[in-house]
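Number of protein chains: 2
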Amino acid sequence: MAASCRVAVCGATGAVGNQMIQCLEERDFPVSEIRLLASERSRGRSLKFKGQEVPVQVIGKGSFEGMDIALFSAGGGTSKQWAPQAWAEGAVVVDNSSAWRMDPQVPLVVPECNPEDIARYKNKGIIANPNCSTIQMVVVLKPLHLAAGLKRVVVTTFQAVSGTGQKAIFELQNQLKAIHEGNQPENKVYPHQIALNLFPHIGPFTDNGYTEEEMKMVNETRKILHEDGILVSATCSRVPVYYSHSEALNLAFERKLTAKEARDILAKAPLVKVVDEPATNQYPTPLMAAHQDYTLVGRIREDISQANGIDLWLVADNIRKGAATNAVQIAEILLRDYL
Amino acid sequence: MAASCRVAVCGATGAVGNQMIQCLEERDFPVSEIRLLASERSRGRSLKFKGQEVPVQVIGKGSFEGMDIALFSAGGGTSKQWAPQAWAEGAVVVDNSSAWRMDPQVPLVVPECNPEDIARYKNKGIIANPNCSTIQMVVVLKPLHLAAGLKRVVVTTFQAVSGTGQKAIFELQNQLKAIHEGNQPENKVYPHQIALNLFPHIGPFTDNGYTEEEMKMVNETRKILHEDGILVSATCSRVPVYYSHSEALNLAFERKLTAKEARDILAKAPLVKVVDEPATNQYPTPLMAAHQDYTLVGRIREDISQANGIDLWLVADNIRKGAATNAVQIAEILLRDYL
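As they're listed, the protein sequences go chains A and B.
Heads up: the first sequence runs through residues 12 to 350, numbered per the numbering used here.
Heads up: the second sequence runs through residues 12 to 350, numbered per the numbering used here.
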C-alpha cells in the first residue's frame, strides 16, 4: 500500500467534482498533492481543499503527469478524450461518466458488490463508476441475490435534479422563485417545467422505447453482479427534488424470501440502512437520505402478485453514494491493494 | 330518460365536491334543482352554481328529500352514515368515498369499463366511484385486457397532494413559501415535508406491508374488470405536485401485444389520449394532464424483461377523471338509462 497519493480531479467545478473533493477531505484520503482540472470555462477559478485555495487548471497535455489517480467527472466526451491520456501519463482513472462503463476491458465497480474487479484496472488504466441509479440499486440487490437468486427486477425511479448537474438545481430554484412571484417559469435545461411537475424522461431515447438511463440500469446491473441472465425493466423519471434518487423495486427470486429475511439480510449489508417502521411513518425519503452515504431501504414486503417476490423502496444521495463517494471508495481500494 | 333531475352534492365545500359542482355545470347536466350539503364546519357558506349563489346546508335528516341523485364526497364516515339515509329519502347515491366500494351489493363503476354494473344500483341505492389511482389505470387496462388478456400489473404511482384535499394543497403552498423565505417548513397534514421531497405512504398501512391505497388498486381493479385472477402489486407515493397522478405500469398479458398494437388500441379508447412522441419529448406530465378529463398515456414499449409484456406511463387529473368527472359520468348514465 502506498502511504499517500497524488490525485487529480477532472471536472472539479461540477456538482460531482466538488463532492469528490469534499469526499477526499471527509474520508481522510491520504492526498499528498491535489490537482484540480476543468474545461476552459472554469479558467481562473479556484476551489478549497483542506482549507487551502487550489487554482483550477485547464485540462491539457501533461495535466496528469506526476499524478497517481485521476477522478473524472466531466462528461462522456472529456472522458473518452482524456482518460487514455491520463493513463499514458501515469494516472489510473476512476471515471464517473458513462463513456467506458460497458467496455469489456474496463471494470465497473461498486465496492460493496464487486471490489475484486478493480484488479482488472491495468487493461486500460480505467475503472468505471456506475450510473447513480444503478449504484444504489445494486448495493441492495447484491445481498438479496446471494441469499435467494435474483431473477427479475421491475424498477421505477424518482430522480433528483442534481443528477443533471448544478444547472438543473438552479433551474428548479429559479422556477420555484418565478412561481412564488407570480411569473411564468422558464425551462432551459429540461424540455418541461420541473417545479410542481415531473416527467418520465432521463437521457436520450433508444430504439426499443427505453431511455439510455433505463438501459444503463439493465446493462450495468448485469455487469456489476456478473449475471447476464438477470432481467430488468426500468422506468426512470425526474422529480422536483434537489438531492437523492428514490426507487420502487419489484423483485422476483428463485427461492422464497420472507419480508423478515430480506430485512435481516439488508440490516447487515454494508452501506445500507434499513428504515422500515410503517407504524411510526418511518420509510426512506429524499430529504432523509441527502448528504450522507447510506442507501436507505424500507417498505420491504412480500409481493402479493407473484411467488418468491419482494417489493421494496430505496433512497440514496445521488451525488454522494451515487457518484462521488463510490468513486473515492474505489480509489481507496486501488491505493490500499494495488498502488 | 328523465328530462331533468334534482341533485344533492354532499361534501360540496371540499376539493372534489367543488369540482363536482363545476362538472355538473360544464357538462350541462340537466339540473332542475341543486342542493349543496356539508358538515357543521361549512355552516353559513355559499357556493356558485350557474352564476347563482347557492347556500350550503348542514347535512341532516331530510336533507335528501325531493332529490333524485346525491353525489357524495365527504369522507367514508359521512358516506357510511348518510348514504343509506339518502336512498331511504329517495335519492340514488354516487359515492366517492371508499366506504361502499368493496360491498358486493354495491356496483363500482368506471363508465369506460363497466357501465352495465350501474343496473345493480337498486340493491342499496348506492353506486361507488373508485379510487382516483384506480380509475385512471383501469381506463387504460380495460381495452388492453380485451385485446390480449391481462395477467399481472406492477404499478408505481406518483400522486398529487390534491388527492389528500384542499388542506394538503395549502400545506405544499405554505412549505414552498417558507422555504422561499428561508424559514423551516411545517408539516401538519403529512408526517413528512412534501415540498422538495416525496414518500411512499398513502393511506394507513395494512398487515401485509402494503398500504390501504395500494390494496385499493389491487381489489378495485379486479372488481371493475370482473377478473379476480388479475395479479396486481402497487407502490403508491406522494409527490410535490398539485394536480394529476402519474403511474408507471409494467404489464404482463396472455398474448403478445406489440407496442404499436397497444398504441393503436389506446388511441381508440374512450377518454384516453395517447401522448407518445419521444423524439419531440412528448409524453404525459402532471401539468399537461391537469384540468381536463383525459387519461394521457405514453412511453408505450415492449417490456424487455418478460414475454408478452408492455410498459407504459399514464397521467390523469385526480380530482376530475379520478373523482368528480367519473361520478358525474355515472350520474349521466343513471339519469339516461334508469331514472
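Glycine residues also receive a C-beta, built at the ideal position from the N, C-alpha and C atoms.
Got a sec? Which residues, its chain only, sit under 6 Å from residue i by beta carbon, not counting five neighbours each side?
| i | result |
| --- | --- |
| residue 335 of chain A | 27, 30, 31 and 34 |
| residue 167 of chain B | 246 and 259 |
| residue 134 of chain A | 116 |
| residue 337 of chain B | 140 and 146 |
| residue 280 of chain B | 154 |
| residue 261 of chain A | 165 and 322 |
Grouping DSSP H, G and I as helix and E and B as strand, with all else coil, what is residue i?
| i | result |
| --- | --- |
| residue 320 of chain B | strand |
| residue 288 of chain B | strand |
| residue 280 of chain A | coil |
| residue 313 of chain B | strand |
| residue 217 of chain B | coil |
| residue 261 of chain B | strand |
| residue 296 of chain B | coil |
| residue 268 of chain A | coil |
| residue 91 of chain B | helix |
| residue 172 of chain A | helix |
| residue 24 of chain A | coil |
| residue 34 of chain A | helix |
| residue 359 of chain A | Because chain A here runs from 12 to 350, residue 359 of chain A falls outside it and cannot be looked at. |
| residue 339 of chain A | helix |
| residue 234 of chain B | helix |
| residue 48 of chain B | strand |
| residue 199 of chain A | coil |
| residue 244 of chain A | strand |
| residue 143 of chain A | helix |
| residue 14 of chain B | coil |
| residue 181 of chain A | helix |
| residue 100 of chain A | coil |
| residue 68 of chain B | strand |
| residue 229 of chain A | helix |
Buried or exposed for residue i, please, with buried defined as at least 16 other CB atoms from any protein chain shown within 10 angstroms of its CB.
| i | result |
| --- | --- |
| residue 156 of chain A | buried |
| residue 105 of chain B | buried |
| residue 69 of chain B | exposed |
| residue 256 of chain A | buried |
| residue 244 of chain A | buried |
| residue 284 of chain A | buried |
| residue 64 of chain A | exposed |
| residue 37 of chain A | exposed |
| residue 320 of chain B | buried |
| residue 349 of chain A | exposed |
| residue 99 of chain A | exposed |
| residue 194 of chain B | exposed |
| residue 220 of chain B | buried |
| residue 343 of chain B | buried |
| residue 212 of chain A | buried |
| residue 328 of chain B | buried |
| residue 309 of chain A | buried |
| residue 44 of chain B | exposed |
| residue 142 of chain B | buried |
Output needed for residue i: all residues of its chain with C-beta closer than 8 Å, excluding positions within five of it in sequence on either side, in chain order.
| i | result |
| --- | --- |
| residue 86 of chain B | 22 and 108 |
| residue 332 of chain A | 146, 147, 150, 282, 304, 305 and 306 |
| residue 89 of chain B | 21, 22, 50, 70, 83 and 108 |
| residue 113 of chain A | 119, 230, 231 and 234 |
| residue 76 of chain B | 100 and 101 |
Considering only residues of the same chain and omitting the five flanking positions on each side of residue i, which have a CB-CB separation below 7 Å?
| i | result |
| --- | --- |
| residue 223 of chain A | 214, 215 and 217 |
| residue 226 of chain A | 217 |
| residue 200 of chain A | 175, 178, 179 and 182 |
| residue 131 of chain A | 118 |
| residue 266 of chain A | 159, 160 and 319 |
Going along chain D in order, which residues have a C-beta closer than 8 Å to the C-beta of residue i?
| i | result |
| --- | --- |
| residue 298 of chain A | The structure shown contains no chain D; its protein chains are A and B. |
(message) If the cut-off is 8 Å on Cβ atoms, which residues from the segment 254–274 of chain B count as contacting chain A, listed in chain order?
(response) 257, 259, 261 and 270
(request) Determine which residues of the segment 203–217 of chain B have a Cβ less than 7 Å from any Cβ of chain A, and write them out in chain order. (result) 203, 204, 207, 208, 209, 210, 211, 212 and 216
(message) With three or more C-beta pairs closer than 8 Å as the rule, is the segment 312–322 of chain A touching the segment 269–280 of chain A?
(response) yes
(message) Could you check whether the segment 176–189 of chain A touches the segment 172–186 of chain B, counting it as contact only if at least three pairs of C-beta atoms, one from each stretch, sit closer than 8 Å?
(response) no
(message) Quick check: the segment 192–212 of chain A against the segment 121–139 of chain A, are at least 3 beta-carbon pairs closer than 8 Å?
(response) no
(message) Please list, in chain order, the residues of the segment 223–248 of chain A that have any C-beta partner in chain B closer than 8 Å.
(response) 229, 242, 243, 244, 246 and 248
(message) With three or more beta-carbon pairs closer than 8 Å as the criterion, would you say the segment 226–244 of chain B touches the segment 288–301 of chain A?
(response) no
(message) Counting only Cβ-Cβ distances shorter than 8 Å, please list the residues of the segment 310–337 of chain B near chain A, keeping chain order.
(response) 310, 311, 312, 313, 314, 315, 316, 317, 320, 322 and 324
(request) Compile a chain-ordered list of the residues in the segment 189–203 of chain B whose CB is closer than 7 Å to at least one CB of chain A. (result) 191, 202 and 203
(message) Any C-beta of chain B within less than 7 Å: which residues of the segment 137–170 of chain A qualify?
(response) 163, 165, 167 and 169
(message) So if I threshold CB-CB distances at 7 Å, which residues from the segment 103–126 of chain B count as touching chain A?
(response) none
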